[in-house]
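Right, one structure below, let's go through it.
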Amino acid sequence: IYTNLIRLEDDPTRVIGIVTLLEDVTEIRKLEKMRSDFVANVSHELKTPLTSISGFVETLKSDAIDDEETKMRFLDIIDIETERLSRLIDDILSLSEIESTTNNIRQEIYTTEAINEVIEIIKPIANDKEIVINTEIEGSLPQIYGNRDWFKQMLINLLDNAIKYTPQGGKVYINAYKKYKNVVIVVRDTGLGIPKNELPRLFERFYRVDKARSKKLGGTGLGLAIVKHIVIAFNGRIKVNSEVGKGTEFTVIIPIK
Ligand code: ADP
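This is the structure in structure tokens:
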């Protein structure tokens, strides 16, 4: 609340009015809280692998381990944690870039080609898990406009998750078509699924349904937050449907103009 007394110009001792300004700071406070929560989360997420790395390095340096096998195992852990740290930093930087919208350029995107390029990139990862990617992409989808790299990143994250959270031998579907004045892209899998009560928080930074599982699979917990912000940059919408044990379906709707 801001209050000020209005005084008479000739005689400042005489008050002739009061101005009171009320400002609703709920939103500002909420944003501040989100920001400080994010910084706390980032610090925690970065510190975990660092602590592990420095712990194993110290142990190796202390000469306490003499069998080669254990040494190799420790080095492997250091390797894995270093990669994790690097992925985390990449994701944090991507998210901050997308959020600040500085690179929200308007490139012409040939939708069909872009989707097919992403499928080619992701195929080897699916092959490793003997997962078949079924595609149904309309041949001449209309162009959309925005940052081409972001558009591809969004699809990579969705497909990567679909593969990550689908057991060996499962199926992933990607379907793209034009509907009214939108391009609709559906990524579906026959994987683990997500409990209904988890769905509302799914796109939050660092939110994972099963933290241990996500970590084991190399997740950073930022993939879907990145997807959400890219969809926003494209003025689009994203929906998710899921059933535990059956699979998950993400639908992205992007306006053509
Ligand atoms: P992560 O790096 O953990 O995969 P994301 O932000 O990409 O982080 O996803 C958040 C969480 O949502 C994941 O930890 C996982 O629990 C869940 N999730 C995302 N995609 C799928 C999917 N296709 N099937 C099942 N669970 C999923």
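Residue numbering for the sequence shown follows the UniProt record's numbering, beginning at 329 and increasing consecutively. A virtual CB, placed ideally from N, CA and C, is assigned to each residue, including glycine.
Checklist entry - By Cβ distance below 7 Å, which residues in the same chain neighbour I381 in space, the five residues on each side in sequence not counted? => result As a position in the sequence shown, residue 381 is number 53, starting the count at 1. Same-chain partners within the cutoff: I406, E409, T410.
Next on the checklist: Taking contact to mean 3 or more Cβ pairs, one atom from each stretch, closer than 8 Å, check whether the segment 540-554 and the segment 483-497 are in contact.
Outcome noted: yes
Checklist entry - CA-CA distance, G524 and A504? => result Mapped onto the sequence shown, residue 524 falls at position 196. Mapped onto the sequence shown, residue 504 falls at position 176. The sequence as given places Lys at residue 524; Gly does not occur at that position. Computed Cα separation, rounded: 25 Å.
Checklist entry - What runs of the alpha helix (DSSP H), each 4 residues or longer, lie entirely inside the segment 419-478? => result 439-456
Next on the checklist: As a quick exercise: from E458, R533, S428, R476, pick the residue whose alpha carbon is nearest that of I443.
Outcome noted: Numbered from 1 along the sequence shown, position 115 holds the residue referred to as residue 443. Of the listed residues, the one whose Cα sits closest to I443 is R476.
Item to check | Residues near D419 in its chain [Cβ-Cβ closer than 7 Å; skip 5 each side] | outcome: As a position in the sequence shown, residue 419 is number 91, starting the count at 1. T548, L550, I554.
Checklist entry - Which of the three DSSP states, helix, strand or coil, is assigned to K509? => result In the sequence shown, the residue the question calls residue 509 occupies position 181. K509: coil per DSSP, three-state reduction.
Item to check | C-alpha distance - R342 paired with L350, whole-angstrom precision | outcome: To locate residue 342, count along the sequence shown from 1; it is residue 14. To locate residue 350, count along the sequence shown from 1; it is residue 22. Using only the alpha carbons, I get a separation of about 24 Å.
Item to check | Residues near R533 in its chain [Cβ-Cβ closer than 8 Å; skip 5 each side] | outcome: Locating residue 533 in the sequence shown gives position 205, where the first residue counts as 1. So the list reads F366, N369, L423, G549, L550, A553, once near-sequence residues are dropped.
Item to check | Beta-carbon gap between A454 and V500 smaller than 8 Å | outcome: For the purposes of this step, residue 454 is taken as residue 126 along the sequence shown, with counting starting at 1. For the purposes of this step, residue 500 is taken as residue 172 along the sequence shown, with counting starting at 1. Yes; because the gap between Cβ atoms is below 8 Å, this pair is in contact.
Item to check | Cβ-based neighbour list, L545, same chain, cut-off 7 Å, excluding 5 preceding and 5 following | outcome: On the sequence shown, position 217 is the one that residue 545 refers to. Answer for L545: K492, listed in chain order.
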